[in-house]
Structures are given as C-alpha cells and as structure tokens.
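Chemist: Chains as they are written, first to last, in my numbering: chain A, 1 to 99; chain B, 1 to 172.
Cβ atoms here follow ideal geometry from the backbone N, Cα and C, with glycine treated the same way.
(1) So that I know if they touch, is there some Cβ in chain B lying closer than 8 Å to that of residue 53 of chain A?
(2) Residues of chain A with a CB under 8 Å from the CB of residue 167 of chain B: which are they?
(3) Examine the Cβ distances between the stretch 57-75 of chain B and the stretch 4-20 of chain B and report whether three or more of them are shorter than 8 Å.
(4) So with Cβ pairs under 8 Å, would you call residue 79 of chain A a contact of chain B?
(5) Sort B:97, B:36, B:87 and B:125 by Cα distance to residue 151 of chain B and report the nearest one.
(6) Whose C-alpha, out of A:26, A:13 and A:61, is nearest the C-alpha of residue 73 of chain A?
(7) Is the Cβ of residue 96 of chain B closer than 8 Å to any Cβ of chain A?
(8) Quick check on the burial criterion: 16 or more other C-beta atoms within 10 angstroms. Buried or exposed for residue 43 of chain B?
(9) Can you tell me whether residue 51 of chain A is helix, strand or coil according to DSSP?
(10) Suppose you measure from the CA of residue 168 of chain B to the CA of residue 32 of chain A; what does that come to, to the nearest Å?
(11) Buried or exposed for residue 91 of chain B, please, with buried defined as at least 16 other CB atoms from any protein chain shown within 10 angstroms of its CB.
(12) With a cut-off of 8 Å, does the C-beta of residue 72 of chain B fall near any C-beta of chain A?
(13) Is it a yes or a no for the stretch 115-135 of chain B touching the stretch 79-96 of chain A, going by three-plus beta-carbon pairs under 8 Å?
(14) Kindly indicate which residue of B:39, B:155, B:72 and B:68 has the alpha-carbon position closest to the one of residue 87 of chain B.
(15) Could you name the residues of the same chain whose beta carbon sits closer than 8 Å to that of residue 81 of chain A, not counting the 5 residues immediately before and after it, in chain order?
(16) In or out: residue 9 of chain A buried (at least 16 other Cβ within 10 Å) or exposed?
(17) Once DSSP output is grouped into helix, strand and coil, what is the label at residue 1 of chain A?
(18) Mind reading off the beta-carbon distance from residue 120 of chain B to residue 129 of chain B? Whole number of angstroms is fine, and I expect it under 8 Å.
(19) How far does the beta strand (DSSP E) with residue 31 of chain A in it extend, from its first residue to its last?
(20) For residue 67 of chain A and residue 91 of chain A, I'd like the C-alpha separation in whole angstroms.
(21) Out of B:31, B:24 and B:32, which one is the CA nearest neighbour of residue 35 of chain A?
(22) When burial is assigned at 16 or more other CB atoms within 10 Å of the CB, is residue 1 of chain A buried or exposed?
(23) By Cβ distance below 8 Å, which residues in the same chain neighbour residue 173 of chain B in space, the five residues on each side in sequence not counted?
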C-alpha cells in the first residue's frame with residue numbers, strides 16, 4: 001500500500017501559497033496585480049510568498065514593460081506543476097479517494 | 001515531505017480551495033473585454049466597405065486616387081487593429097496556458113472551425129452575388145457580423161472547456 005502522505009508538500013500547503021500556486025496552475029502567465037487581487041494579499045506579503053516559491057523553484061518571475069508601464073508576471077514552473085500535482089494526490093489520499 | 005497531522009476534513013477543504021482558485025483563474029484568463037469583439041467586427045465592416053467602394057472611387061476620382069484611398073484605408077485598419085490588440089493585452093492580466101495538449105487541441109479546433117466558417121461565408125456570399133469582388137466584400141461584412149455577435153459566445157465555449165478540464169483532473 002502506498003503512503004497516503006507521499007507527495008504532501010508543506011511549503012505549498014500554507015494557505016496563501018496554496019492559493020497562489022492553484023491560481024497559477026491553469027495559466028501561462030499571471031500579472032502580479034492579478035494574483036494580489038485574487039488572494040487579497042498586500043504587495044509586500046505577496047512578494048514574500050513569491051520569493052519563497054521562487055527559491056523552491058516552483059514559480060518563475062518575469063519583469064518587463066507594457067508600453068511605459070512596468071509589469072511583473074508570475075508563472076508556475078514544471079517543478080511547481082509537479083509539486084502541486086503530488087500535493088493534490090496526497091490530499092486526495094488523506095481524504096480517502098485512493099485508499 | 002509528509003504531514004500525518006492533517007485530518008480528512010482539512011485535506012478536503014484544501015482540495016476545495018485548489019479547485020476554487022483554478023476555476024477563478026480560468027474565468028479571468030478567458031475574459032476578453034466586452035468591447036473587443038464588436039470593435040473587431042466594426043473594423044472588418046469598415047474594411048468591407050472600403051473594398052466594396054474601391055471601384056466607385058476609381059470611376060469618380062481616377063486610378064491613382066483609388067490606390068491611395070485603398071492603401072490609406074488598409075493602413076488605418078492595421079493601425080486600429082494594433083491599437084485594439086495593445087489595449088486588449090493591457091486589460092488581460094492572466095493568460096491561459098497554451099502548453100497543455102488540450103489547450104493546443106482547442107487552438108487547432110478553433111483554427112479548423114475558422115477555416116470552415118470562412119469557406120462557408122465566402123460560399124454563401126458568392127452564391128448570393130455571383131462575382132468574386134462583391135463576394136469578398138459581402139464575406140467581410142458577414143464575417144464582421146459573425147465576429148461581433150459570436151465572439152463572446154465562442155469564448156464562453158472555450159472557457160467552459162477549460163473548466164471541464166479542471167473538473168476532469170479533480171475527479172481523476
């Protein structure tokens with residue numbers, strides 16, 4: 001029998017980071033402001049969480065200009081997709097779907 | 001990394017949160033500003049008018065004037081299209097993923113659908129007016145109407161498919 005907690009990722013499981021990673025999952029890129037508005041975090045709180053996820057290799061950050069306006073975009077990396085997939089599988093196992 | 005202290009209820013709540021956030025991201029990603037499709041339709045309508053009136057301009061003002069009017073009209077259309085695309089991109093704060101197989105399949109389906117639609121529109125126009133020039137003008141007018149009226153419903157269809165993909169993954 002497989003360990004029901006295999007794939008559980010404590011870094012992703014924190015509520016704000018789970019919200020960020022889940023939001024990014026079906027997207028190619030999302031603007032920083034979009035993620036901020038969706039999660040209800042302040043700029044600084046979101047920056048901190050993004051840095052944590054970036055350090056883990058789960059998200060990539062891109063800074064560019066749209067016209068004269070600076071824009072920061074965030075993307076879930078393949079490692080981030082894999083981590084979220086594993087985490088969701090672990091959560092399902094805990095709920096009992098796979099037992 | 002494991003966490004054996006998580007209860008099934010907490011895990012269920014976390015799964016629901018993942019699901020809710022993904023659906024909300026899809027809603028935002030497939031939400032082109034409402035003005036986009038009517039504006040694009042309007043521009044195509046103007047292009048159809050320009051193409052249709054070209055012969056009349058040539059008869060009234062000469063060949064050179066008709067060429068200048070046509071080129072100026074195309075340049076204006078291109079500039080308006082660039083402005084519209086730029087404005088739409090600025091409004092779009094999240095882009096749907098194009099890397100997944102299903103998203104690529106959607107693109108292929110839409111492109112094939114668009115090609116069939118264009119062929120059908122030209123066929124209807126040619127059957128109606130029975131000459132190439134007027135058929136092209138009429139096609140542009142019909143296409144403008146289809147885009148203006150059908151753009152949002154088509155986008156809603158693509159959005160629904162994206163929601164279904166999330167649901168399928170959730171139940172897999």
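Modeler: Reading from the atomic positions:
(1) For residue 53 of chain A, the answer is no, since every Cβ of chain B falls outside 8 Å of its Cβ.
(2) Going along chain A, no residue has its Cβ under 8 Å from residue 167 of chain B, so there is no contact; the nearest lies around 12 Å.
(3) Under the three-pair Cβ rule at 8 Å, the stretch 57-75 of chain B does not count as touching the stretch 4-20 of chain B.
(4) With 8 Å as the cut-off, residue 79 of chain A does not count as an interface residue toward chain B.
(5) Of B:97, B:36, B:87 and B:125, the residue nearest in Cα terms is B:36.
(6) Comparing alpha carbon positions, the residue from A:26, A:13 and A:61 closest to residue 73 of chain A is A:61.
(7) Closer than 8 Å to some Cβ of chain A, the Cβ of residue 96 of chain B qualifies, so yes.
(8) It counts as buried.
(9) Helix, per DSSP.
(10) Separation of residue 168 of chain B and residue 32 of chain A (C-alpha to C-alpha, rounded to the nearest whole angstrom) is 28 Å.
(11) Under this definition residue 91 of chain B is an exposed residue.
(12) With its beta carbon at least 8 Å from every one in chain A, residue 72 of chain B lies outside the interface.
(13) Under the 8 Å Cβ criterion, the stretch 115-135 of chain B does not count as touching the stretch 79-96 of chain A, having fewer than three qualifying pairs.
(14) The residue with the shortest Cα to Cα distance from residue 87 of chain B is B:39.
(15) Cβ neighbours of residue 81 of chain A beyond the five flanking positions: 25.
(16) The residue in question, residue 9 of chain A, is buried, as its Cβ has 16 or more Cβ neighbours within 10 Å.
(17) Bear in mind that the predicted position of residue 1 of chain A carries a pLDDT of just 42, short of 50, making it unreliable; the figure below should be weighed with that in mind. It is coil, neither helix nor strand.
(18) With 8 Å as the limit, residue 120 of chain B and residue 129 of chain B do not qualify as a contact, their Cβ atoms being about 15 Å apart.
(19) Start and end: 27-31.
(20) Here the alpha carbon of residue 67 of chain A sits roughly 43 Å from the alpha carbon of residue 91 of chain A.
(21) Residue nearest to residue 35 of chain A within the set B:31, B:24 and B:32 is B:24 (criterion: CA-CA distance).
(22) Note that residue 1 of chain A scores a pLDDT of 42, beneath 50, so its modelled location is shaky and nothing firm can be said.
(23) Outside the modelled stretch of chain B, which goes from 1 to 172, sits residue 173 of chain B, for which no answer is possible.
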